[in-house]
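Numbering (my numbering), first residue to last: 1 to 530.
Glycine included, C-beta positions come from ideal geometry on N, C-alpha and C.
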């Protein structure tokens, strides 16, 4: 029996009432409790220290932001009441909304904002750019702070409101003063939900409780913008890494909402009259084979090119999607299909599966038989399936594979290490990037190639960075597109990472749950349960 048949058969037990019981049946649950199956375990909880989506998603409940992007990807005021920018673009003055409080009852003050932005800007790519031109970031009074720059930065509000991690979440000053390269240990938030730390059991559950003193904005909610009105009192994240188990629990009403059901089980879920299934985010996702540029063998650009030649994107996408061709497409580049800056420049040879050419280039590169330490999370179907394809690919190319099967939380910690692979480091890992995070370089940390300041893998490719600088300086859309074509071609030539293809994903929820929307993360505000 193959994996897909097994999963479908196991999940079908849920429809027959034969699945194991994981919690009280749905009818016995208070309607103010929303039980949610996230994409992965919440193994750590510092949204500045790391960039895992599961951490960002939890953090969006607990911490608020000064601005938030809406569904049109435009930043809107959130904690900010007003802002002023000087005529020369060098001085930004912000005023906070009145009545903002942290979960410990203390008011949100300018000093908290300044400390939070200082920590965030040490880790975020856009934040790093702002720090490089910063003259001063300081409070003016309890509700006003000023950011003075040495040169204009027109995309400042986008930096403060973007949805890709790390987001500019606002924490109390004492927490925000934690070294940005050390994880925080206190989780006092400013957002609509409090983190119930006493109930946090990594690997099992995480719990969030409504913060009664949170003041939502008056506008309708739209992604991270507008009024974040919580219509439930409690959100319980139930960790279920096994898809068949999650499917059975959803069918039996033991959970209310499943973030990312695998496509194999969608037909079965659609047969259940009590379940809705829909595409989670129309902007989709880009699969990623991330290489460590610091250590052999991927410190050699020819070996990175060999992987780009040898890999077959269809193999990767079939492992994720199965036979539904509407859910994926080849991706000869790094930017989201269907968006203005999508580019195929230089990408004609990506993902063609030319093993013979890959082996030839590998030999020319002088590959010495170094083991490739593949760190692959088994509790994420996306990473597990892509990891299996990669192990087979590298072996076909003649490379030695050291396959480290682990969990997503461990990947999140290990990928931050720059140690040699033989000393606890790594050579490659798999992840994916939401399409909303890949529309332009401003919100796309994974495309950056500025060495030690780059995302995990630390590529150092000046032609990529030159193209990104040209994009930031572009005066019109035509100039922006020309710059992105340069970025795409340089990213292919240098092998910033290996795009494994573009794909759409599903979400599923019980029909007594309303208000579930579409976007790059599960927006819980505005969701109610009858």
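Close-in-space but distant-in-sequence residues of the same chain around residue i (CB under 7 Å, 5 per side omitted)
i: residue 393; result: 310 and 311
i: residue 306; result: 358, 361, 362, 365 and 397
i: residue 223; result: 68, 69, 70, 71, 163, 519 and 523
i: residue 139; result: 110, 111, 114 and 145
i: residue 451; result: 458 and 460
i: residue 77; result: 67
i: residue 149; result: 90, 133, 134 and 135
i: residue 324; result: 263
i: residue 404; result: 373, 374, 375 and 376
i: residue 347; result: 332, 333, 488 and 492
i: residue 302; result: 361, 364 and 365
i: residue 421; result: 295, 373 and 427
Own chain, CB closer than 6 Å to residue i, minus 5 neighbours either side, in chain order
i: residue 231; result: 528
i: residue 143; result: 95 and 96
i: residue 408; result: 40, 377, 379 and 380
i: residue 331; result: 499, 501 and 502
i: residue 159; result: 126
i: residue 517; result: 523
i: residue 504; result: 279, 284 and 327
i: residue 175; result: 184 and 186
i: residue 21; result: The predicted model places residue 21 with a pLDDT of 46, which falls under 50 and marks its position as unreliable; any figure quoted below should be read in that light. If we look at residue 21 and ignore the five residues flanking it on each side, it has no Cβ neighbours.
i: residue 116; result: 170, 171 and 176
i: residue 345; result: 485, 488 and 489
Extent of the continuous alpha helix (DSSP H) to which residue i belongs
i: residue 54; result: 53 to 62
i: residue 478; result: 477 to 494
i: residue 129; result: 125 to 132
i: residue 234; result: No alpha helix (DSSP H) contains residue 234, which is instead part of the beta strand (DSSP E) from 234 to 238.
i: residue 161; result: 156 to 161
i: residue 120; result: 110 to 121
i: residue 469; result: 462 to 473
From the options, residue whose alpha carbon lies closest to that of residue i
i: residue 485; options: 267, 382, 57 and 464; result: 464
i: residue 530; options: 522, 521, 510 and 520; result: 510
i: residue 152; options: 313, 508 and 131; result: 131
i: residue 487; options: 335, 428 and 290; result: 335
i: residue 59; options: 168, 155 and 288; result: 168
i: residue 84; options: 453, 106 and 154; result: 154
i: residue 50; options: 117, 123 and 108; result: 123
i: residue 257; options: 209, 458 and 236; result: 236
i: residue 369; options: 387, 402 and 436; result: 402
i: residue 262; options: 149, 150 and 246; result: 246
i: residue 279; options: 248, 182, 238 and 327; result: 327
i: residue 315; options: 395, 182 and 390; result: 390
i: residue 241; options: 424, 34 and 204; result: 204
i: residue 44; options: 414, 432, 86 and 480; result: 414
i: residue 42; options: 322, 421 and 207; result: 207
i: residue 423; options: 93, 385, 119 and 371; result: 371
i: residue 483; options: 188, 274 and 342; result: 342
i: residue 400; options: 481, 410, 367 and 387; result: 367
i: residue 478; options: 340, 436, 173 and 513; result: 340
Enclosing beta strand (DSSP E) for residue i [first to last residue]
i: residue 276; result: 275 to 279
i: residue 370; result: Residue 370 -> no beta strand (DSSP E), and no H or E assigned at all.
i: residue 406; result: 400 to 406
i: residue 82; result: 80 to 85
i: residue 500; result: 498 to 503
i: residue 77; result: 75 to 77
i: residue 67; result: 67 to 69
i: residue 35; result: 33 to 37
i: residue 95; result: 91 to 96
i: residue 49; result: Unbroken run through residue 49: none, as it is neither H nor E.
i: residue 444; result: From DSSP, residue 444 is part of no beta strand (DSSP E); its letter is neither H nor E.
i: residue 524; result: Element bounds for residue 524: n/a, residue is neither H nor E.
i: residue 428; result: 428 to 434
Neighbourhood of residue i by C-beta, 8 Å cutoff - its chain only, sequence neighbours within 5 removed
i: residue 308; result: 349, 350, 351, 492, 495 and 498
i: residue 579; result: Residue 579 lies beyond the residue range present for the chain, which begins at 1 and ends at 530; the question has no answer from this structure.
i: residue 25; result: Legend: pLDDT at residue 25 = 43, less than 50; position of this residue unreliable, no value from coordinates given.
i: residue 229; result: 192, 216, 221, 525 and 526
i: residue 210; result: 192, 193, 194, 230, 232, 233 and 234
i: residue 515; result: 231, 526, 527 and 528
i: residue 98; result: 81 and 143
i: residue 27; result: Bear in mind that the predicted position of residue 27 carries a pLDDT of just 44, short of 50, making it unreliable; the figure below should be weighed with that in mind. Cβ within range, chain order: 253.
Heavy atom of the ligand ZN within 7 Å of residue i beta-carbon
i: residue 490; result: Absence of the ligand ZN is noted for the structure shown, with no ligands found whatsoever.
Item to complete: Assess, as a yes-or-no matter, whether the stretch 164 to 177 is touched by the stretch 436 to 456 under the definition of 3 or more beta carbon pairs within less than 8 Å.
Response: yes
What alpha helix (DSSP H) runs, 4 residues minimum, are completely inside the stretch 241 to 307?
-> 243 to 251 and 266 to 270
Open item on the list: List, from N- to C-terminal side, the beta strand (DSSP E) runs of 3 residues or more that fit wholly inside the stretch 312 to 396.
Closed with: 371 to 377
Cβ contact check for the stretch 46 to 64 and the stretch 181 to 195: 3 or more pairs under 8 Å: yes
Along the chain, which unbroken stretches of the alpha helix (DSSP H) at least 4 residues long are found entirely within the stretch 171 to 223?
173 to 176
Quiz item: Is the stretch 416 to 432 in contact with the stretch 284 to 303, if contact means three or more CB pairs nearer than 8 Å?
Solution: yes
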